[in-house]
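Protein chains in written order, with this note's numbering: chain A, 1 to 63; chain B, 64 to 126; chain C, 127 to 189; chain D, 190 to 252; chain E, 253 to 315; chain F, 316 to 378.
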């Protein structure tokens, strides 16, 4: 039944996202002892311009 | 005052989304006995590549 | 597959919450033409002290 | 440590978003007396077609 | 119209939370040039046992 | 930088939650090749009465 939402910075390859969904689901399944079928994972790509740390966007921090 | 957020798979027509917002608002208004004006609904289209079930993206499941 | 999260003010009876979950699920199922089994609804009771409108908590507005 | 997520209507200039992230971070830092470095802000641009008020999308309300 | 959700660590006085809601609303109102009446703020107190940094709960980090 | 929010059904031991936070952080760190220090995990215990599947609360489904 667990619902997992992950906000990550945009720019990663879909292969990495596929692996992230697969491995996090497996980890949650093992730790909570629930079936993988009951687990939902939603991924959000957040633009560098929309993620702020210490008041600055990641885009500005990196430039 | 209710705030409702709905995550749905991308790909639906805007007409359907309009109807979804309208009908869910009406249902919540009737059930909670609050005015429709007080209700906010936010819709999120989630890409098939970002929604995982049982560790696989919906895109992979459907292909 | 839809995931619906509803933030409502605390203080409602569980019967009303049961009805809210049931009716919203039915509405979403009909509008999107997906099975009710694929729909998840999460309800959050927000304390009057933690919900702000126009900069004031609902608790202060009501008192 | 605070994590702040702000949903706003799409269409604003990045300069305004930069200022929003900067000023909200400063306000939270001062009010909670935590360092700005510990504060994360995520901004979401919500399309006018995906934000419902009183059962209608903002796009329809404005047209 | 902005909807702001803030997750903070549990344990703060309600007076501080009141001030947080008031000041963040004012900051958002000024920066986006929207009326305070259109702004919603939801606060969530997260238990020290439910907030993880670097894989450890804040409760463990602090003890 | 990733921010992970997990909604799980209430009733699990804190030891399991500790392990969940630790292992998910490790999995995300390895998969995305980011430092564990940059990862935040927030856990939410959702009451059986507030989690709906197919229009019914988990409490009703289990009883």
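Note that beta-carbon positions come from the ideal geometry of N, C-alpha and C, so glycine has one too.
Three-state secondary structure assigned by DSSP to residue 144(C): helix
What distance in whole Å lies between the Cβ atoms of residue 269(E) and residue 337(F), which are believed to be in contact at a cut-off of 8 Å? Going by Cβ atoms, the distance from residue 337(F) to residue 269(E) rounds to 30 Å, so no, they are not a contact pair.
6 Å Cβ shell around residue 105(B) - same chain, five flanking residues per side excluded: 68
On the DSSP bridge assignment, give the partners of residue 76(B) in chain order. According to DSSP, residue 76(B) bridges with nothing at all.
If you run the structure through DSSP and keep just helix, strand and coil, what is residue 167(C)? strand
Going by other Cβ atoms of all chains shown within 10 Å of its Cβ, with 16 needed for buried, is residue 313(E) buried or exposed? exposed
Compile a chain-ordered list of the residues in the stretch 362-376 of chain F whose CB is closer than 8 Å to at least one CB of chain C. 364, 365, 366, 367, 368, 369, 370, 371, 372, 375
Determine the extent of the beta strand (DSSP E) in which residue 241(D) is found, giving its start and end residues. 240-242
Can you name the residues of chain C whose CB is closer than 7 Å to the CB of residue 65(B)? 132, 133, 134
Counting only beta-carbon separations shorter than 8 Å, does residue 230(D) have a partner in chain A? yes
Decide if residue 115(B) is buried, meaning its Cβ has at least 16 other Cβ atoms within 10 Å, or exposed. buried
Would residue 208(D) pass as an interface residue toward chain E - the criterion being a Cβ-Cβ separation below 8 Å? yes
Looking at C-alpha atoms only, which residue of 137(C), 184(C), 180(C), 139(C) is the closest neighbour of residue 286(E)? 180(C)
Counting only C-beta atoms, is residue 100(B) closer than 8 Å to chain D at any point? yes
CB contact below 8 Å: residue 253(D) versus chain A: With chain D running from 190 to 252 in the structure shown, residue 253(D) is simply not present.
When the cut-off is 8 Å and only beta carbons count, does residue 222(D) lie next to chain A? no
List the residues of chain B whose Cβ lies closer than 9 Å to the Cβ of residue 27(A), in chain order. Residues of chain B passing the Cβ test: none, with the nearest at roughly 10 Å.
Just to confirm, are residue 158(C) and residue 71(B) a CB contact at a threshold of 8 Å? yes
Distance CB(residue 354(F))-CB(residue 192(D)) smaller than 8 Å: no
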